[in-house]
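K.L.:
Read top to bottom, the protein sequences are chains W and G.
Just so you know, we're using the numbering used here here: the first sequence kicks off at 35 and counts up by one.
Just so you know, we're using the numbering used here here: the second sequence kicks off at 85 and counts up by one.
C-beta atoms are modelled at their ideal positions from N, C-alpha and C, and glycine is treated no differently.
These numbers come from a predicted model, not from an experiment.
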Amino acid sequence: MEVALETHNLTVSYNRRPVLWNIDFKIPVGQITGIIGPNGSGKTTLLKAIMGLVKPSSGYCKLFDQDLKQVRERISYVPQRESVDWDFPASVMDIVLMGRYKSSNLFKRINQSDRDIAVEALEKVNMLEFSNRQISQLSGGQQQRVFIARSLAQGADLYIMDEPFVGVDAATEEAILNLLTEMKNQGKTVIVVHHDLQTAKDYFDWIVLLNTRLVAVGPKDDIFREDLLQEAYGGKLNVLSKVGDLIKEKGFSVRERK
Amino acid sequence: MDAFWIILSSSLIAVTCSLLGCYLVLRKMAMIGDAISHAVLPGIVIAYLISGSREALPMLIGAAIIGVFTTVLIELFYKKAKLQIDASIGITFTWLFAIGIILISLFAGQVDLDQDCVLYGEIAYVPLDLWITDAGVNMGPRTVWISASLLILILSFIIIGYKGLFLTTFNEEFAKALGIAVGFWHYSLMSAVSLTTVISFESVGAILVVAFLIVPASAAYLITHKLKEMLILSAIFSVLSSIGGYYLAAYINGSIAGAIASVAGILFLFCWLISMYRKRNNTSRLILNSTS
Ligand SMILES: Nc1ncnc2c1ncn2[C@@H]1O[C@H](COP(=O)(O)OP(=O)(O)OP(=O)(O)O)[C@@H](O)[C@H]1O
Ligand SMILES: [Mg+2]
Chain W
35 MEVALETHNL TVSYNRRPVL WNIDFKIPVG QITGIIGPNG SGKTTLLKAI MGLVKPSSGY
95 CKLFDQDLKQ VRERISYVPQ RESVDWDFPA SVMDIVLMGR YKSSNLFKRI NQSDRDIAVE
155 ALEKVNMLEF SNRQISQLSG GQQQRVFIAR SLAQGADLYI MDEPFVGVDA ATEEAILNLL
215 TEMKNQGKTV IVVHHDLQTA KDYFDWIVLL NTRLVAVGPK DDIFREDLLQ EAYGGKLNVL
275 SKVGDLIKEK GFSVRERK
Chain G
85 MDAFWIILSS SLIAVTCSLL GCYLVLRKMA MIGDAISHAV LPGIVIAYLI SGSREALPML
145 IGAAIIGVFT TVLIELFYKK AKLQIDASIG ITFTWLFAIG IILISLFAGQ VDLDQDCVLY
205 GEIAYVPLDL WITDAGVNMG PRTVWISASL LILILSFIII GYKGLFLTTF NEEFAKALGI
265 AVGFWHYSLM SAVSLTTVIS FESVGAILVV AFLIVPASAA YLITHKLKEM LILSAIFSVL
325 SSIGGYYLAA YINGSIAGAI ASVAGILFLF CWLISMYRKR NNTSRLILNS TS
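#1: Flag this pair as yes or no: are the beta carbons of G:Phe180 and G:Ile145 separated by less than 8 Å?
#2: Measuring only from the beta carbon, is W:His229 closer than 7 Å to any heavy atom that is part of ligand 1?
#3: For the beta strand (DSSP E) that contains W:Tyr94, what are its first and last residues?
#4: Look at W:Ala124 and G:Phe88 and say whether their C-beta atoms are less than 8 Å apart.
#5: Quick check on W:Lys89: does DSSP put it in helix, strand or coil?
#6: Give me, in chain order, the residues of the same chain whose beta-carbon lies closer than 6 Å to that of W:Ala250; leave out the 5 immediate sequence neighbours on both sides.
#7: Give me the Cα-Cα distance between W:Asn139 and W:Leu156, rounded to the nearest whole angstrom.
#8: Identify which residue in W:Arg106, W:Arg108, W:Ser92 and W:Met132 has its Cα closest to the Cα of W:Pro52.
#9: Where does W:Arg51 sit, in a helix, a strand or coil, going by DSSP?
#10: Going by C-alpha distance, which of G:Leu351, G:Tyr330 and G:Phe354 is nearest G:Ala343?
#11: With burial defined as no fewer than 16 other Cβ atoms inside 10 Å of the residue's Cβ, what is the status of W:Lys89: buried or exposed?
#12: Going by the C-beta, is W:Lys77 closer than 7 Å to any heavy atom of ligand 3?
#13: Step through the CB atoms of chain G and report whether any lies within less than 8 Å of the CB of W:Val37.
#14: Output the residue ranges of the beta strand (DSSP E) runs that lie fully inside the region 225-278 of chain G and measure 3 residues or longer, sorted by chain position.
#15: Flag G:Ile264 as yes if its beta-carbon sits less than 8 Å from any beta-carbon of chain W, otherwise no.
#16: Would you mind sorting G:Glu256 into buried or exposed? The rule is 16 or more other CB atoms within 10 Å of its CB.
#17: Taking only beta carbons into account, state which residues of the region 91-105 of chain W come closer than 9 Å to chain G, listed in chain order.
#18: Mapping DSSP to helix, strand and coil, what is G:Gly52?
#19: Thinking C-beta only, is G:Ala261 closer than 8 Å to W:Leu87?
#20: Which of the three DSSP states is assigned to G:Gly174 in this structure?
#21: Answer yes or no: the CB of W:Asn56 versus the heavy atoms of ligand 1, is any distance below 7 Å?
#22: Kindly indicate if chain G contains any beta-carbon less than 8 Å away from that of W:Lys136.
#23: Check the Cβ of G:Leu311 against every Cβ in chain W and list those closer than 7 Å, keeping chain order.
#24: Counting only C-beta atoms, is W:Gln168 closer than 8 Å to chain G at any point?
#25: Please list, in chain order, the chain W residues whose beta carbon lies closer than 8 Å to that of G:Tyr305.
#26: Along the beta strand (DSSP E) that carries G:Val299, what are the first and last residues, could you check?
#27: Using the Cα positions of W:Phe216 and W:Glu36, report the straight-line distance between them to the nearest angstrom.
#28: Contact criterion: CB-CB distance below 8 Å. Does W:Met195 meet it with respect to chain G?
#29: Is G:Ala182 buried or exposed, if buried means 16 or more other CB atoms sit within 10 Å of its CB?
#30: Evaluate the contact criterion for the region 264-282 of chain G versus the region 96-111 of chain W: three or more CB pairs, one atom per stretch, below 8 Å.
#31: What residue from G:Ala131, G:Phe161, G:Phe153 and G:Ala140 has the CA that sits closest to G:Ile188's CA?
#32: Mind checking whether G:Ser94 and G:Val288 have CB atoms under 8 Å apart?
#33: Would G:Leu235 and G:Val99 qualify as a contact pair, given that the criterion is a beta-carbon distance under 8 Å?
Structure (structure tokens):
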């Protein structure tokens, strides 16, 4: 199995309270993988750790068997839609063009080929007619499609998306899903955070079940088992957050990475 | 001629401040200029103690350094201690201002200064402070030359750094994921603001600087949805405020700085009305569409 993403003993804490605990898994190339878990289970945090946006207290992530720095241009990250201010004075085109920004061309002007790529990306998400529209005048589903177009414009090999199906209608959901499938057929790898169990089985080839620690990982048919889902979603008692509280109280420190 | 020099220097400074102000407003850090205006006091005192003179230059350098330090502290409280941004700004500048006061009282015997000596310039005096070369040529007011150079510097920063500022202001996490040094952009902007604030204080006084940083940018924000238009409109508003304010002051025989800030406020009100009117029209059109 060719590995697109590997995490090794990954632990991430906020204020010394672990929200991800000893996560260890591998995700294959060329598949659509869903990261599934209840609210607050650390899905967003996992993506941020992968993208180097939060520092793990121990462990590491590898992308295509390399450090993030070496493969950055092959990775595209789609943050949660609510993470930005949609009243920002920018047009749809402005945002999609951001997909063409790199630290190496930040001081250069945007060229025609960048524009062509952005137009193509907008076409794919069916938003070309909105390209001059101000982003403050978009619906939630349209905002999501703009974010996906920006990601497509990056021309990456691995796409990491945080909740792209939240707040979109059935038609948009279907359109996004078709896009993901098309990307997969081109050999791209897609990792999607998702919290709806109902649809997960139809959408993904691989599943990562997460609830602070890793519950299970594998092809979807192996994962959709009563006991595993129960473990991730059922049972209110979350032992690890208790451990975290204890550590905080007693002043023990979580092992820091040297 | 005095009118020309005052309006010109006010406009130059206003445009510089309002361009930077656009980014501050969008980053929800508009009060940073106000914070810097207070926080630089210890910088001035220390510069005075080190240089032992009341020369403007060392004090400006001291003030600008503390200005940048202020923004570093604010960022630290905001990012590391997870304070709200307005609380971080408030804590930082009151604390630094207090240190400045303590320093002054500690060295009361040696220090004969307060912020007024260097920082609280008065725009009406601009034409009096002339730059006369060694050969005795009168080059016009010093402030005009300083503020024109400052404008060129800031304008080049914004033009050269347009993409970086745009990206990091809109979506810092995405920028970081692209491997872009967001810290570099943040602190470049903050240094530009600090330098501009300190230099402008010396020429036109505090109220005007704080007003120029916030008001034209906010007014422009209300009536446009394009960053480039916002930058250009805010520059136009600040020039209009400078011209209108000067003649208003002459007419009522009042404070020039006060009048300029007031005209800026009136322009803001005007933009607010336009945006309200547009919104109402939009909604009524939507209702019409949905009923027809
Ligand atoms: N910046 C932060 N500071 C402190 N705690 C945080 C921070 N971000 C997240 N947390 C906590 O970490 C835990 C995991 O959060 P995370 O956002 O990763 O969950 P999630 O699985 O993405 O949830 P959701 O489905 O609601 O998006 C939560 O308990 C949350 O309260
Ligand atoms: Mg989340």
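P.N.:
Inspection of the coordinates gives the following:
#1: Correcting the residue type first, residue 180 of chain G is Leu in the shown sequence and not Phe. Their beta carbons are not under 8 Å apart, which means G:Leu180 does not touch G:Ile145 by this criterion.
#2: yes
#3: Ser92 to Leu97
#4: no
#5: coil
#6: Leu243, Ile257 and Leu262
#7: 22 Å
#8: W:Ser92
#9: strand
#10: G:Tyr330
#11: exposed
#12: Although ligand 3 was asked about, the structure shown includes only ligand 1 and ligand 2 as ligands.
#13: no
#14: none
#15: yes
#16: buried
#17: Leu102 and Lys103
#18: A question about residue 52 of chain G goes unanswered here, because the residues of chain G that appear run from 85 up to 376.
#19: yes
#20: helix
#21: no
#22: yes
#23: Pro123 and Ala124
#24: yes
#25: Pro123
#26: Premise fails: G:Val299 lies in the alpha helix (DSSP H), Ala290 to Ile307, not in any beta strand (DSSP E).
#27: According to the sequence as given, residue 216 of chain W is Glu; it is not Phe. Looking at the two C-alpha atoms, the distance is approximately 20 Å.
#28: no
#29: exposed
#30: no
#31: G:Ala131
#32: yes
#33: yes
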